[in-house]
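Student:
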Amino acid sequence: MEYVEAEGRSIDAAIDTALSQLGVSREKVDVEILANATKGLFGLGGKKARVRATLRAPISITEEESHPPDRPNRPAPAKDGKGKAPQAAASAKAPGRARTKRPRDEQKKESRPPRQRREESDNRPARPIDEATLENARAVLEQTIRLIGTDASVQISRDDLGIGLLIEGDESGILIGRRGQTLDALEYMINRVASRDTGHTTRIVVDSHSYRQRRRESLEALAKRMGERAIERGKPVTMNPMSPRDRRIVHLALQDETGLETRSAGKGYFRKLLVVPKR
Amino acid sequence: MKELVEYLARQLVSDPDAVEVIETQGETASVLELKVAKDDLGRIIGKQGRTAKSIRTILNAAASRTNRKVVLEIIEEG
Numbered sequence: 002m003e004y005v006e007a008e009g010r011s012i013d014a015a016i017d018t019a020l021s022q023l024g025v026s027r028e029k030v031d032v033e034i035l036a037n038a039t040k041g042l043f044g045l046g047g048k049k050a051r052v053r054a055t056l057r058a059p060i061s062i063t064e065e066e067s068h069p070p071d072r073p074n075r076p077a078p079a080k081d082g083k084g085k086a087p088q089a090a091a092s093a094k095a096p097g098r099a100r101t102k103r104p105r106d107e108q109k110k111e112s113r114p115p116r117q118r119r120e121e122s123d124n125r126p127a128r129p130i131d132e133a134t135l136e137n138a139r140a141v142l143e144q145t146i147r148l149i150g151t152d153a154s155v156q157i158s159r160d161d162l163g164i165g166l167l168i169e170g171d172e173s174g175i176l177i178g179r180r181g182q183t184l185d186a187l188e189y190m191i192n193r194v195a196s197r198d199t200g201h202t203t204r205i206v207v208d209s210h211s212y213r214q215r216r217r218e219s220l221e222a223l224a225k226r227m228g229e230r231a232i233e234r235g236k237p238v239t240m241n242p243m244s245p246r247d248r249r250i251v252h253l254a255l256q257d258e259t260g261l262e263t264r265s266a267g268k269g270y271f272r273k274l275l276v277v278p279k280r
Numbered sequence: 769m770k771e772l773v774e775y776l777a778r779q780l781v782s783d784p785d786a787v788e789v790i791e792t793q794g795e796t797a798s799v800l801e802l803k804v805a806k807d808d809l810g811r812i813i814g815k816q817g818r819t820a821k822s823i824r825t826i827l828n829a830a831a832s833r834t835n836r837k838v839v840l841e842i843i844e845e846g
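Protein chains in written order, with this note's numbering: chain A, 2 to 280; chain B, 769 to 846.
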């Protein structure tokens, strides 16, 4: 593989030098940081930043794929190869020591765009589901509930918000479960079955006695209280780990709140939401 | 309980005839061993074990009506 090593006052300057030596644009190379620049004392003894730029194979790797998976607190850098991409790729490739020297506010900037994009994509309309698939999903849910040992019927509901299966019956408590976990499991199963039938991902909502609506309202109220507390204390407030769906409700509930921002930290089941007061 | 696991598993696999559930009753708990065709193992476990987790959650909901605990084991056929 072809590569050059270059020096510069800063990592960015070194990358620019390397690129002009190779005569290619930034997307075509992988950059490895060999040494970060140090200032030295009174302009003496300072070291230049050194980078190694390696020409990429024709199929370019996206920044996300080259991103090591062992850093839970930082979302993947922006995917489009423009703007901040040189920074992002450079820091993704940097050895641990150099990475920790990156100023914090720069990391924040990088983390913003992907999150917003994810929320937008969540709002895209679900693909249509044919009647036969939906009826089958309804029947599977009803049979599952019967086998759990409760007596309930399932109705199909279609409105502008999407497709839903509503469980009606007296014993909905055990079908909802703690924090809706049984309802979520049923919903997941139903979507697996429907996805297999249609050949694409479906988004059928399983609900019972307006649980989803009630949960949303109580989460929104909780979000507001957490927001007030964060402003009062002038410190970030951490919320307990919750499901992606619940976390999304909190993010959306506080997104128009001035003086506050929300962030997620941690991985998987332990992913927590932080409500941070802006200064 | 056994029927519930059988039913859910059959909804997910491509070879429903190979689905087999063996129930072992203990004093306070039951163990359900679920066997499926080798090619269907992934469908039962799911991405990050999500499908298996959902089956267990639904099973626990059913078990909460009784006073027994239920454990689901997914067995890989050798």
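Cβ coordinates follow ideal geometry from the N, Cα and C atoms, glycine included.
It should be emphasised that the depicted structure is a prediction, and the values quoted were computed from it without experimental measurement.
1) Report the residue from Arg-204/A, Ile-232/A and Met-243/A whose alpha carbon sits nearest the alpha carbon of Asp-131/A.
2) Where does Thr-825/B fall in DSSP's three states?
3) So, Arg-833/B versus Ile-175/A, is the Cβ gap smaller than 8 angstroms?
4) Looking at the structure shown, is Asp-13/A part of a helix, part of a strand, or coil, going by DSSP?
5) Kindly indicate which three-state DSSP category Gln-130/A falls into: helix, strand or coil?
6) Which residue's Cα is closest to the Cα of Leu-776/B: Ser-11/A, Arg-147/A, Ala-7/A and Val-52/A?
7) Going by DSSP, what residues sit across from Leu-840/B in a beta bridge?
8) State the beta-bridge partners of Val-207/A as determined by DSSP.
9) Report, in whole angstroms, the separation of the C-beta atoms of Arg-51/A and Asp-31/A, which I expect to be a contact under 8 angstroms.
10) Check the Cβ-Cβ distances between Val-207/A and every residue of chain B, and say whether any is below 8 angstroms.
11) Quick one: Cα of Glu-258/A to Cα of Val-277/A, how far?
12) How many whole angstroms separate the CB atoms of Ile-823/B and Leu-840/B, which I take to be in contact at a CB cut-off of 8 angstroms?
13) Please return the same chain residues whose Cβ sits closer than 8 angstroms to the Cβ of Gln-144/A, not counting the five positions on each side in sequence.
14) Looking at chain A, which residues of the region 786 to 803 of chain B have a Cβ within less than 7 angstroms of any of its Cβ atoms?
15) On the premise that Leu-166/A lies in contact with Ala-138/A, defined as a C-beta separation below 8 angstroms, what is that separation, rounded to the nearest angstrom?
16) From what residue to what residue does the beta strand (DSSP E) around Ala-50/A run?
17) Report the three-state DSSP secondary structure of Ala-7/A (helix, strand or coil).
18) Using beta carbons (cut-off 8 angstroms, strictly below), is Leu-780/B in contact with chain A?
19) Counting only beta-carbon atoms, is Ile-175/A nearer than 8 angstroms to chain B?
20) How about Ala-829/B: is its C-beta nearer than 8 angstroms to some C-beta of chain A?
21) Are the CB atoms of Lys-770/B and Val-789/B within a distance shorter than 8 angstroms?
22) Mark Ser-11/A as exposed unless 16 or more other C-beta atoms lie within 10 angstroms of its C-beta, in which case mark it buried.
23) Taking the beta strand (DSSP E) that Ala-36/A belongs to, which residues open and close that run?
24) Compile a chain-ordered list of the residues in the region 156 to 190 of chain A whose CB is closer than 7 angstroms to at least one CB of chain B.
25) Beta-carbon of Ile-149/A versus every beta-carbon of chain B: anything under 8 angstroms?
26) What number of angstroms, rounded off, separates the C-alpha of Leu-135/A from the C-alpha of Gln-816/B?
27) Classify Ser-209/A as buried or exposed, calling it buried when 16 or more other Cβ atoms lie within 10 Å of its own Cβ.
28) Could you check the C-alpha separation between Lys-279/A and Gly-235/A for me, to the nearest Å?
29) Please state the DSSP three-state secondary structure of Ala-805/B.
30) Could you name the residues of chain A that Arg-833/B contacts, counting a contact when the two beta carbons are closer than 9 angstroms?
Tutor: For this structure:
1) Arg-204/A
2) In this structure, Thr-825/B counts as helix in the three-state DSSP scheme.
3) Contact annotation: Arg-833/B and Ile-175/A have beta-carbon atoms nearer than 8 angstroms.
4) helix
5) Position check: residue 130/A holds Ile in this sequence, whereas Gln was assumed. Ile-130/A: coil per DSSP, three-state reduction.
6) The shortest C-alpha to C-alpha distance from Leu-776/B to any of Ser-11/A, Arg-147/A, Ala-7/A and Val-52/A is the one to Arg-147/A.
7) Leu-840/B is bridged to Leu-800/B.
8) Paired residues: Leu-166/A.
9) The Cβ separation is near 15 angstroms, so there is no contact.
10) no
11) 11 angstroms
12) 6 angstroms
13) none
14) none
15) 7 angstroms
16) 50 to 56
17) strand
18) yes
19) Yes - at least one Cβ of chain B is within 8 angstroms of the one on Ile-175/A.
20) yes
21) yes
22) When all chains shown are included, Ser-11/A counts as exposed.
23) 30 to 36
24) Within the region 156 to 190 of chain A, the residues whose Cβ lies closer than 7 angstroms to some Cβ of chain B are Ile-175, Leu-176, Gly-178, Gln-182, Thr-183, Ala-186, Leu-187, Tyr-189 and Met-190, listed in chain order.
25) It does: the Cβ of Ile-149/A has a partner Cβ on chain B nearer than 8 angstroms.
26) 26 angstroms
27) buried
28) One C-alpha to the other measures close to 9 angstroms.
29) coil
30) Ile-149, Gly-150, Thr-151, Glu-172 and Ile-175
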